[in-house]
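Structure first, commentary second.
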Amino acid sequence: MPSKKSKLLPSGGMEFKPANKDKRKILHIKRKKVKDAQSRAERFARKKEEAKNPKLKAERLRRNIPLTLERKRVWDDVDSDVEDGLGMSFDVERVKRHKMEEEAWREKIDEINATSGNEGKGGEGEEADEHGDNDEVDSMIASESDEDEDSEGNDRIQESNRTRKSKLPSATERATSPTQSTRSTNLDLAPDALAAKFPTLFTKELPPAPKILITTSINSTLHDQAQLLTDLFPNSVYIRRSAHKYAHKYSVREISKFASNRNFTALVVVEEDQKRVSGMTIVHLPVGPTFHFSVSNWVEGKKLPGHGNSTGHWPELILNNFRTPLGMLAAHLFRTLFPAQPELVGRQVVTLHNQRDYIFVRRHRYVFREKRETEKSVVGADGKEMKGVEGIRTGLQELGPRFTLKLRRVDKGIQRASGQEWEWKGGMEKQRTKFQLETYIVTETSMTPPPDPTPHLTSLQRDGFVVIPGLLSQSQLKALRAAASHAADLARSGKWPHIRTVAKQFPPWPSTPPPAQEGGIWGVQHLMHPEMPGRNEFAKLYFSPRVLEIVEELVGVKKTKPGSNAESPQGEEQEQEQEPLTMELLNLLISPTYVPFALRWHRDEIPTPPTLSAEDELAALVQKSPPDRPASHAQYNIPLYEDASLIVVPGSHRRARNQVEREADPYEDNLPCQMVVELRPGDAVFYDSNIWHRGVYDGVDPDVKGEDGVVQGLRLTIHGSVGLAVGSGDGVGGEEGKKANARAKVVLQHGVGFWVNREDASFNGLDADVEKRAERMRKRLIEMGSGEGIGYALEG
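All residue numbers for the sequence shown refer to our numbering, where the first residue is 61 and numbers rise by one.
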């Protein structure tokens, strides 16, 4: 028997749970019928009322706004003058519009205040006498009506700021536009802070004509797909990345350097998963940034119905809906991949349309034709017909390939090691209303790494060399050029015995130069010798704080402050004990006369005969330069004129030679992955002596001079090395026993030990602090010995 409470419930609204599944099913059907009947009755009643009063229907439709994904999007609360990077969530167009509105209102308010002030100052003299100070105050206050208008203006500004994050276009406003999702990208609205962070992409000048290198992941099978991209991207070339089992597997960083040296502007790496295109990495050369995209929905052009064939013309580029700072960054990248001046005769267009963070890539050929009677006219973004083109229609034919991109990560330089600037993390994203490239971004995902405390050491350990531009000032260059030119003239004329002669790469060298017609000399030794004219100019450079600071960083010691303990009687002795650096060599590399000269591929201090196995070579590298500690010395080239003589293989200082390098000719001109180190006057390159390198010297004619009076192609490059003292006070680097003797052999084999201990070898005429440190470093060199009978590290 039903309970008293159940009698009060509507028909079928039983409180208790039925005993089995069938009864619950019957109960659900009854309840649904009751609910449907009630809804039907309400709907019919509403129709009768709306038939009598049409305004009721219009009001209902106005309130009936569908809750779509577009309506759920949220704004980030930012000011109108925001200037920030990739993680900020604001629409650059909307921010600029609000900023202009605020400026207009402020100008209007200023005009009102100025007008009211002028009216107050124009009062009658009698009233001014009667009221005195009160009139002066009244002249600065607007009238009652002006106050209202001023207040109204301020209220509008506050209301604009208050509703900025929530004011969205209504559903009816969006419904009037058939192209509601299409929004052209204004590339001039990028925030200044973003442009400062990526100056290579955000330039006021038009980007240069693209030259794109396309490759794939190692041993990829996507050769056909990569070849299709050469048709999509103008002026591009595809190079296979297949790796032989004995060959070196080049990284993206190495390939980027290869491409930069050959004036490529971008590198595109196609990634593969299960023999399908799964990703695309785009590197803006020469220094980045790097964009990592995932690729989906890849369709080749030949599989598209009614597809056309490309004619090879440079296409036009359409960028749609890139409106956030991150979207602006991606849009500027795509802009550099296509020419700024397309070939309109080809009537080809590439469209990159961003919708909900998916970038749809399409390529079409278009044609203008007369509109048929059954076709509609062209409409604009507002849904209205465009005037002037009523009888014209556009025909499109897709060329392909078509695919969809999704931005996953942005690195500030090349690859992740350069600093991760932004990353999309799908596992952390729980809301489907957050988009990074379109108008509304919510999450702050920018990750800026801390600055590297030792950037020069990092580059040296990674690449084997580091270039430091503008190390010397113009005054230093002028003084050093004069001293170096005089030293070279003395050596060529046979008045300086310490020379490096053509056709001989390693010491010992004869003291008499060969005839000039046979090349003469290619180096001048011992620039800090007591008898060398201009010795002080060379010593100022060698012991300069700027150079020694870099050396201290590269050899891993803390900076010693000269004179810090000079006031105490034990100060100089303590500084002598703490001096971490040792004076070594300072030479001059010059151009041979008439005959070109080249050094063979080599590593300093380590013999590399053809019979040396890879295991033994690697063991020798590790023994000389253990990977867990910095180098025992630093060596550098500082050119006084333009120099492109040094050729290196980046990264070869930490590995044995590969099969190609072993089998190559000792004077091979084009070794795979080699790099010419191009230096301007006053630049410097510090390089690891273990790196696989060589030198190439062009012969010069001393009688052929340029407009500035300098011999054409002249090379005057200062070559120096600074050592780490054994048992230095910092306790870093430097090894006892055999390693100390090995370094001493490399230094003393040049004969520096025979003159460094002379009475006139002390350094005078330098700055006080520099002179003290120079003497301490000279004493460190004296401790190595004279080098008599020490032998030579390499032969040839």
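Here a beta-carbon is modelled for each residue, glycine too, at the ideal position from N, C-alpha and C. A quick note: this is a predicted structure, and the numbers were derived from the prediction, not measured.
ask   = Are the CB atoms of F566 and L289 nearer to each other than 8 Å?
value = As a first step, residue 566 is located in the sequence shown; it is residue number 506 there, counting from the start. As a first step, residue 289 is located in the sequence shown; it is residue number 229 there, counting from the start. Not a contact, by the Cβ cut-off of 8 Å.
| Extent of the continuous alpha helix (DSSP H) to which H392 belongs | As a first step, residue 392 must be located in the sequence shown, where it is residue number 332. Here the alpha helix (DSSP H) through H392 covers 385 to 396.
request  = Identify every residue that forms a DSSP beta bridge with M340.
outcome  = Here residue 340 corresponds to residue number 280 of the sequence shown, with the count starting at 1. According to DSSP, which records beta bridges pairwise, M340 is partnered with V330, F353.
| In DSSP terms, what L784 is bridged to | Mapped onto the sequence shown, residue 784 falls at position 724. According to DSSP, L784 bridges with L641.
*Closest Cα partner of T411 within the set L377, L706, T396, R836*: In the sequence shown, residue 411 corresponds to position 351, counting from 1. Selected option, being the one with the closest Cα: L377.
**Asked** Can you tell which of A286, H558, M340, G451 has its C-alpha closest to the C-alpha of R468?
**Response** Looking up residue 468 in the sequence shown gives position 408. Closest by alpha carbon: M340.
My assumption, with CB atoms under 8 Å, is that F293 sits in contact with L397. Please give the rounded CB distance. Looking up residue 293 in the sequence shown gives position 233. Looking up residue 397 in the sequence shown gives position 337. Their Cβ separation, rounded to whole angstroms, is 6 Å, which keeps F293 and L397 in contact under 8 Å.
| message | Rounded to the nearest angstrom, what separates R560 and S651 at their Cα positions? | response | Here residue 560 corresponds to residue number 500 of the sequence shown, with the count starting at 1. Here residue 651 corresponds to residue number 591 of the sequence shown, with the count starting at 1. Computed Cα separation, rounded: 11 Å.
For T281, the three-state DSSP class (helix, strand or coil): By one-based count along the sequence shown, residue 281 stands at place 221. Residue state, collapsed to three classes: coil.
Query - Contacts around V771, its chain only, beta-carbon distance under 6 Å, and the 5 residues preceding and following it disregarded - result: Working through the sequence shown from its first residue, we reach residue 771 at position 711. Correct list, in chain order: V760, P762, K765.
- Query: For K83, which residues of its own chain have a beta-carbon under 7 Å away from its beta-carbon, when the five flanking residues on both sides are left out?
  - Reply: Along the sequence shown, read from residue 1 onward, the residue named residue 83 stands at position 23. There are no such residues.
- prompt: N596 lies in the alpha helix (DSSP H); which residues open and close that run?
  reply: Taking the sequence shown and counting its residues from 1, the one referred to as residue 596 is at position 536. Counting along the chain, the alpha helix (DSSP H) containing N596 begins and ends at 595 to 602.
Worksheet item: Could you give the residue range of the beta strand (DSSP E) that holds A694?
Response: Within the sequence shown, the letter at position 634 stands for residue 694. Start and end: 693 to 699.
Review point. At what residues does the alpha helix (DSSP H) containing R322 begin and finish?
Key: Taking the first residue of the sequence shown as 1, we reach residue 322 at position 262. Looking at the DSSP string, R322 is not in any alpha helix (DSSP H), and its letter there is neither H nor E.
* Asked: With 16 as the cutoff for other CB atoms within 10 Å, does M446 come out buried or exposed?
  -> The residue you call residue 446 lines up with position 386 of the sequence shown. Answer is exposed; the Cβ neighbour count stays below 16.
Cβ shell of V359 (< 8 Å), same chain only, five flanking positions each side left out: Translated into positions along the sequence shown, residue 359 becomes position 299. Only G460, P461, R462, F463 meet the Cβ criterion.
Kindly indicate if chain B contains any beta-carbon less than 8 Å away from that of M160. Checking the listed chains, one finds no chain B in this structure; it contains a single protein chain.
Starting from the C-beta of S712, find all residues in its chain whose C-beta is less than 6 Å away, skip the five residues before and the five after it, and write them out in chain order.
Position 652 of the sequence shown, counted from the first residue, corresponds to residue 712. Around S712: I751, W752.
**OP:** Counting only the same chain and skipping the five closest in sequence on each side, list residues whose C-beta sits under 8 Å from that of P590.
**Re:** In the sequence shown, counting from the first residue as 1, residue 590 sits at position 530. Excluding residues within five positions, the ones whose Cβ falls inside 8 Å are W815, R818, D820, A821.
Entirely enclosed beta strand (DSSP E) segments - the stretch 513 to 570, minimum 3 residues:
525 to 528, 559 to 561
* Asked: Helix or strand or just coil, what does DSSP make of I299?
  -> Reading the sequence shown from its first residue, position 239 is the one you call residue 299. Three-state result, I299: coil.
Problem set entry | Reference G882, options V737, H662, W569, Y747, closest by Cα | There is simply no residue 882 to check, as the chain begins at 61 and stops at 856 in what is shown.
Item to check | Close-in-space but distant-in-sequence residues of the same chain around G755 (CB under 8 Å, 5 per side omitted) | outcome: Translated into the one-based positions of the sequence shown, residue 755 becomes position 695. Taken in chain order, the residues that qualify are L649, A658, L659, S705, L706, I707.
Alpha-carbon spacing of P114 relative to N124, whole angstroms: Walking along the sequence shown from the start, residue 114 turns up at place 54. Walking along the sequence shown from the start, residue 124 turns up at place 64. Distance between the alpha carbons of P114 and N124: 16 Å.
| Across which residues does DSSP place G460 in a beta bridge pair? | Within the sequence shown, residue 460 is the residue found at index 400, counting from 1. Answer by DSSP bridge pairing: none, since G460 is not bridged.
- Item | 8 Å contact criterion, which S338 and V355 should meet: CB distance rounded | As a working note, residue 338 is residue 278 in the sequence shown. As a working note, residue 355 is residue 295 in the sequence shown. That pair is a contact at about 6 Å.
- Rounded to the nearest angstrom, how far is the Cβ of V745 from that of P732, given a contact under 8 Å? Sequence index remark: in the sequence shown, residue 745 carries index 685 (1-based). Sequence index remark: in the sequence shown, residue 732 carries index 672 (1-based). That pair is no contact at about 21 Å.
Inset, instruction - Return the first residue and the last residue of the alpha helix (DSSP H) that E613 is part of. - result: Taking the first residue of the sequence shown as 1, we reach residue 613 at position 553. Start and end: 605 to 615.
Every unbroken beta strand (DSSP E) within the stretch 697 to 766, with a cutoff of 3 residues, ordered by chain: The stretch 697 to 766 contains these whole beta strand (DSSP E) runs: 706 to 708, 744 to 747, 753 to 757.
Margin query: Output needed for S296: all residues of its chain with C-beta closer than 6 Å, excluding positions within five of it in sequence on either side, in chain order.
Written below: Position 236 of the sequence shown, counting from 1, holds the residue named residue 296. Same-chain partners within the cutoff: I272, I274, T290.
Exercise for the section: Go ahead and label K436 buried or exposed: buried means 16 or more other beta carbons lie within 10 angstroms of its beta carbon, across all protein chains shown. Expected result: As a first step, residue 436 is located in the sequence shown; it is residue number 376 there, counting from the start. By the neighbour-count rule (16 or more Cβ atoms within 10 Å), K436 is not buried but exposed.
Within 8 Å, strictly: CB atoms of Q695 and S604
Here residue 695 corresponds to residue number 635 of the sequence shown, with the count starting at 1. Here residue 604 corresponds to residue number 544 of the sequence shown, with the count starting at 1. The answer is no: Cβ separation not under 8 Å.
Restricting to Cα atoms, I'd like to know which of I778, A174, A804 is closest to V584. What you label residue 584 is simply residue 524 of the sequence shown in a count that begins at 1. Ranking the options by Cα distance to V584, first place goes to I778.
ask   = Residues in its own chain within less than 8 Å of G348 by CB, not counting five upstream and five downstream?
value = For the purposes of this step, residue 348 is taken as the residue at position 288 of the sequence shown. Only T260, D471, K472, G473, I474, S478 meet the Cβ criterion.
Mind the definition here: the stretch 545 to 562 touches the stretch 828 to 848 only if three or more C-beta pairs lie below 8 Å; say whether that holds. no
With distances taken from CA atoms, which of T325, K832, L345 is nearest E639?
Here residue 639 refers to the residue found at position 579 of the sequence shown. Selected option, being the one with the closest Cα: K832.
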